[in-house]
């Protein structure tokens, strides 16, 4: 053998390695330098893409959802919340599909935000009770999986304090802008349940729109009525929250998020 650095120059061993590679070529990657750099980039085209993965900011039980209209998110199924939102390009699945060490998957797009810090639902004694820090199973959450709707978008299913929750996120077209709409449908009949939409150091309100300049987004509460929502003062800024009011055993919460224009 002329190559003394592979298998100590053993020609028979090198030939055997080549034959083994060719026999298993459909099960392995191409040699370094022969593979396209974007071979694992996922681009939603006709319908959403749903990928379970290890996602930076959304944990080891993340469910990343890419939408053809360019608004994407990663749902943390341990904490029961949309943990990361972004727009533009979706993601590179190499870390999930073809990496033995499974490093964190990250967004390929821009304007990455996390406005949903901590648990979205909590039992509060009063409107001024501090929001609890516990989340996930420790706070009483139980993930029940998800189902795909006709559009191919997932509906996330979980339980909290005896309340059954269905949550979905989808882009919606509004005049002059595309918003990401988050909708929770809750079934139960408990008192003292609150929903927190977002928290940030610099939340400001103008009419019915809440804005965070540092995050570069605006949020519009749709349901319940805007006058039900409260902008609560907290140690590190403000948080937008509302009491959950059940009627005939059901409550619906809807809000929309819009990124600032470039």
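In this note's numbering, the protein residues as written are 1383 to 1644.
Where is the CB? At the ideal position from N, CA and C, for every residue including glycine.
{"Item": "Same chain, Cβ closer than 7 Å to residue 1571, neighbours up to 5 away in sequence not counted", "Value": "1628, 1631"}
{"Item": "Reference residue 1523; option with closest CA among 1530, 1504, 1634", "Value": "1504"}
{"Item": "For residue 1458, the residue or residues it bridges with in DSSP", "Value": "1444, 1463"}
{"Item": "Whether residue 1495 touches residue 1598 by CB criterion (9 Å)", "Value": "yes"}
{"Item": "Beta-ladder partner(s) of residue 1556, from DSSP", "Value": "1559"}
{"Item": "Residue(s) in a DSSP beta bridge with residue 1603", "Value": "1637"}
{"Item": "Given 8 Å, three or more beta-carbon pairs between the region 1577 to 1584 and the region 1611 to 1630", "Value": "yes"}
{"Item": "Any 3 or more C-beta pairs closer than 8 Å across the region 1462 to 1474 and the region 1439 to 1453", "Value": "yes"}
{"Item": "Whole-angstrom C-beta distance between residue 1530 and residue 1423, which should lie under 8 Å", "Value": "So it is not a contact: roughly 23 Å between Cβ atoms."}
{"Item": "Where residue 1609 sits in the DSSP three-state scheme", "Value": "helix"}
{"Item": "Neighbour flag for residue 1543 against chain B, beta carbons, 9 Å", "Value": "In the displayed structure, chain B is absent; only one protein chain is listed."}
{"Item": "Residue 1402 in three-state terms, based on DSSP", "Value": "helix"}
{"Item": "Limits of the unbroken beta strand (DSSP E) element including residue 1576", "Value": "1575 to 1582"}
{"Item": "Three-way DSSP call (helix, strand, coil) for residue 1396 in this model", "Value": "helix"}
{"Item": "Cβ separation of residue 1473 and residue 1441, assumed to be a contact under 8 Å, to the nearest whole Å", "Value": "In fact, because the Cβ distance is near 15 Å, the residues do not count as touching under 8 Å."}
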